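K.L.:
In my numbering, the protein residues as written are 1494 to 2002. Note that CB positions come from ideal geometry on N, CA and C, so glycine has one too. Nothing here was measured: the structure is a model prediction, and the numbers come from that model. Sending over a structure as structure tokens; questions will come in a sec.
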Amino acid sequence: MAGAGTAGAAPTPPPSEGRILGADRAGAVKGSYIVTFKDSVARTDVDRTAKSLTGRHGGTIGHTYTAALRGFSVKVDEGQARKLAADPSVARVEADGVAYALGTQNDPTWGLDRIDQRDLPGDRKFTYPNTASNVTAYVLDTGIRTSHQEFGGRAVSGYDFIDNDSVAQDCNGHGTHVAGTVGGATYGVAKAVKLVGVRVLNCQGSSGSTWAPVLAGIDWVTKNAVKPAVANMSIGGGRTSSVDDALAASIASGVSYVVAAGNDGANACNTSPAAVPSAVTVGATDSRDARSIWPSGKSSNHGTCLDLFGPGSDIVSASHLNDTGSRSDGGTSMASPHVAGAAALILSANPSWTPKQVHDRLIADATPNKVTDAKTGSPNRLLYVPNDGTTPPPTGKTFENTTAYPIRDNATVESPVTVSGITGNAPAALSVTVDIRHTFRGDLRVDLVAPDGGVFRLKDYNANDSADDVRGTFTVNAASKPASGSWKLRVSDNWVNDTGTLNSWSLKF
């Protein structure tokens, strides 16, 4: 009878399935996923837990991440990925996507000539306050031709996450060109900076590498950066939470990141890593200070997620083909390293500064209202490198609330910030930086509420906006409102099924 009872037992139910983020996103790579663990999984247990999960559910582990992110990349089918997503140790499973390679010097390139003066025309000189010899710049790209004479022995390989070895040589040219603009002797902004190549893109550079090696590169920099340090990412792709979170964590570790805005003539807030608020996001201009439009018909991205613009059309820098060659190229990929070099100069003079201080200094130094066709919402600021040898601390007070508030279906939440010590009214260009994590962000309406009750609409409800998260900086004209008092960020959810968190927000006066 006991045997009969056993034979009649119900079969074990199949494992439950979870949700895959970004599965229907343009550029999603079939069968490739990024798994992020919950904080309950210790960093030291990431490798063991990843092997345990794939042992149960199947799949081949690619890279593991322990510093900027806790998780791993994996090759599995969609059904296996959904089972991984349901595991109690997993915070999310996200479809992988495609990443793209986005003293005084006489007769410099036009870009260098432009950034040391406020107005056109150029004077055919580049005067710089220091050479950043005490700073290390990490170039996450296609690698660097380290033997090029531009680098004078200052360029080394960090790691190659495409070939999985320690030699990050360049077979594309994009990374060498970028490194030359950051720190080349002739073409560079920071002429004695130490350069480290971290190869995260393949030989095609702009067509084929997934986010998995890029995440591994960010993770490696987070663990190995020699500070003071700046990192350049002339890379872009579809909006990906795993990448955004990893980059934010790496910046929080003390590395200043400068990233390209993208070349699609579109809103940079829809791309990664350009949308990360704590990164310095750079659009491109031409030699006439117009927003760049290239012969291909593509143009610089724009919008509120940009921090400033830099030279990005017809930029001459080092070539990867031999140790003496050069080439001309264009894109926000070329604008970003101008700013990364400027960040290195700031860090050289102020080696203990945080990434936020560097970020704020770059914005404070930038020349306003020079960029034509900057597009609505873009900050009209052009990179400027002061050459008087001094770097004063950033001006303007920042007030923030970093307490997380849950955003529930069909509910409203308010997060207060108390402003004190500022007399008179708020500025005409009050900066409001928000970090809201919420799937299907179209559900949300976001308002800034002034101390007198006045409301500024930052984002409206949009039933057609299925992208995730609201992260970026908005500028409002608050000149009619009192500066001091209780300001509030009001977030209302206007539909069911998707929830999230207001992580933090800040006001900069």
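#1: Cα-Cα, which of A1960, N1957, D1953 is closest to R1983?
#2: Using the Cβ count rule (16 or more neighbours within 10 Å means buried), how would you classify W1998?
#3: CA-CA distance, D1858 and Q1573?
#4: Helix, strand or coil, according to DSSP, for V1707 in the structure here?
#5: On the criterion of 16 or more Cβ atoms from any shown chain inside 10 Å, does D1616 qualify as buried, or is it exposed?
#6: For V1719, which option in A1685, G1651, N1955 has the closest C-alpha, if you only look at C-alpha atoms?
#7: At a cut-off of 7 Å, is A1943 close to the ligand SAM when judged by its beta-carbon and the heavy atoms of the ligand?
#8: Going by beta carbon distance, what residues of the same chain come within less than 6 Å of G1870, once the five residues before and after it are set aside?
#9: Bridge partners of Y1526, per DSSP?
#10: Measuring only the C-alpha atoms, how far is S1806 from A1685?
#11: Just to check my reading of the structure: I1753 and A1768 have Cβ atoms closer than 8 Å, yes? What is that Cβ distance to the nearest angstrom?
#12: With a floor of 3 residues, list each beta strand (DSSP E) that falls wholly inside the segment 1700–1780, ordered by position along the chain.
#13: Taking A1554 as the reference, which of S1545, K1531, V1906 has the closest Cα?
#14: Exposed or buried, A1588, counting other C-beta atoms within 10 Å across all chains shown (16 or more means buried)?
#15: Between I1929 and the rest of its own chain, which residues show a CB-CB distance below 6 Å, the 5 nearest in sequence each way excluded?
#16: Quick one, which of G1511, N1623, T1669 has its alpha-carbon nearest V1583's?
#17: Can you have a look at N1957 and say buried or exposed, based on whether 16 or more other CB atoms are within 10 angstroms of its CB?
#18: Just list the alpha helix (DSSP H) runs in the segment 1886–1912, keeping only unbroken ones of 4 residues or longer that don't cross its boundaries, in chain order.
#19: State the Cα-Cα distance for the pair G1978 and G1946, rounded to the nearest angstrom.
#20: Whole angstroms are fine: how far does the CA of V1864 sit from the CA of L1941?
#21: According to DSSP, which residues form a beta bridge with A1842?
#22: Report back the beta-carbon spacing between V1528 and T1559 to the nearest angstrom; my notes put them in contact at under 8 Å.
#23: Within 10 angstroms of its Cβ, does T1911 collect 16 or more other Cβ (buried), or is it exposed?
#24: Can you tell me whether DSSP reads G1690 as helix, strand or coil?
#25: If you follow the alpha helix (DSSP H) that I1608 is in, where does it begin and where does it stop?
#26: Just to confirm, is the Cβ distance from A1672 to V1632 under 8 Å?
#27: For the 8 Å Cβ check, are there 3 or more pairs between the segment 1708–1718 and the segment 1824–1842?
#28: Taking the alpha-carbon of G1818 as reference, which of K1974, W1988, Y1680, P1899 has the nearest alpha-carbon?
P.N.:
Reading off the structure:
#1: D1953
#2: buried
#3: 51 Å
#4: helix
#5: exposed
#6: G1651
#7: The ligand SAM is not part of this structure, which contains no ligands at all.
#8: G1796, T1797
#9: V1567, A1588
#10: 24 Å
#11: A quick correction: the sequence has Ala, not Ile, at residue 1753. A1753 to A1768, Cβ: 12 Å. No contact.
#12: 1722–1726, 1749–1753, 1773–1778
#13: In the sequence on display, residue 1554 carries Ile and not Ala. Comparing Cα-Cα distances from I1554 to each of S1545, K1531, V1906, the minimum goes to S1545.
#14: buried
#15: V1963, L1995
#16: G1511
#17: exposed
#18: none
#19: 11 Å
#20: 28 Å
#21: Partner(s): none; A1842 has no beta bridge.
#22: No, V1528 and T1559 are not in contact; Cβ-Cβ is about 13 Å, not under 8 Å.
#23: exposed
#24: strand
#25: 1603–1608
#26: yes
#27: no
#28: Y1680
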